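Report on the following structure.
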Amino acid sequence: MEEALAELGGLIAQRQEEAIIDARVVRGELVATVGTATIPAFVKFLKTDSSCQFTTLIDITAVDYPQRERRFEVVYHFLSMTQNQRIRVKVAVREDEIVPSITDIHPAANWFEREVFDMYGIMFSGHPDLRRILTDYGFRGHPLRKDFPTTGYVEVRYDELEKRVVYEPVQLVQEYRQFDFMSPWEGADYILPGDEKSEGEAR
0 MEEALAELGG LIAQRQEEAI IDARVVRGEL VATVGTATIP AFVKFLKTDS SCQFTTLIDI
60 TAVDYPQRER RFEVVYHFLS MTQNQRIRVK VAVREDEIVP SITDIHPAAN WFEREVFDMY
120 GIMFSGHPDL RRILTDYGFR GHPLRKDFPT TGYVEVRYDE LEKRVVYEPV QLVQEYRQFD
180 FMSPWEGADY ILPGDEKSEG EAR
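With numbering that gives the first Met the number 0 applied, the sequence shown closes on residue 202, and no number is skipped along the way.
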């Protein structure tokens, strides 16, 4: 199987020299890295070329690498049911860079690209309806970025008096706790009834 993938990777690299940055088999999967501007043409080639026939878009996601100059990696997964093979396509992009949409080639990319935009803030040019899909319209930030606080910026709750959802700043102050010093779990330094031991056992 790996030999077939390596052969396919070599064929793709040969036919798409202007797009391919790297193509290799990693852990039994074919992984191709391409340039941002060439992604639509490359995806179309994968779909229409008789040796590839990657006609099914499985998923689009992204990975955040804050330490890199090109902070994000947009990752596409395709399936060829004819060839019974998969390919992962990676595109490294800067934080301010816009990625061309592939919705014209794979209509299923519509919601996938919206999700990547919502979670990471990566923009897609040519997308017919690029807006948030998982978070609220007034949501601040992008939750899957590494610099997004784990607590978020606001907390959402339903207000019974106002009969609507309200946003409030996150409160991290711990409420007053009444400690139960009779509980053995609070670390009391005295012996509780029933826990007495003879001096011999204690020693």
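Each residue gets a CB set at the ideal place from its N, CA and C atoms; glycine is no exception. Predicted, not measured: the structure shown is a model, and the values here were computed from it.
Coarse secondary structure for residue i, derived from DSSP in three states
i      : result
Arg85  : strand
Met0   : coil
Arg163 : strand
Val42  : helix
Leu133 : coil
Glu28  : strand
Cutoff 7 Å; reference residue i; Cβ partners in own chain excluding five residues on either side
i      : result
Ile101 : Ile38, Pro39, Val42, Ala108
Arg69  : Ala91, Val92, Arg93
Arg130 : Arg113
Span of the alpha helix (DSSP H) around residue i
i      : result
Glu114 : 108-119
Ala36  : It is not in any alpha helix (DSSP H) - Ala36 carries neither H nor E in the DSSP assignment.
Residue range of the beta strand (DSSP E) that includes residue i
i      : result
Phe123 : 122-124
Ile19  : 19-25
Ser79  : 71-79
Tyr157 : 153-158
Leu56  : 55-63
Ile206 : In the structure as shown, the chain begins at 0 and stops at 202. Residue 206 is therefore absent and cannot be evaluated.
Pro99  : 97-99
Contacting residues, own chain, Cβ-Cβ under 6 Å from residue i (five flanking each side not counted)
i      : result
Thr150 : Val169
Arg85  : Leu78
Tyr75  : Ile59, Val88
Best match in the options for proximity to residue i [C-alpha to C-alpha]
i      : options                        : result
Phe44  : Glu161, Phe77, Arg67, Arg139   : Phe77
Gly140 : Tyr119, Gly8, Asp158           : Tyr119
Phe71  : Val155, Glu161, Leu160, Lys145 : Lys145
Arg26  : Arg14, Leu4, Phe123, Gln13     : Leu4
Contacting residues, own chain, Cβ-Cβ under 8 Å from residue i (five flanking each side not counted)
i      : result
Gly137 : Tyr166
(request) Spell out a yes or no on whether the stretch 51-58 and the stretch 25-39 are touching, meaning 3 or more CB-CB pairs, one atom from each, closer than 8 Å. (result) Touching, no.
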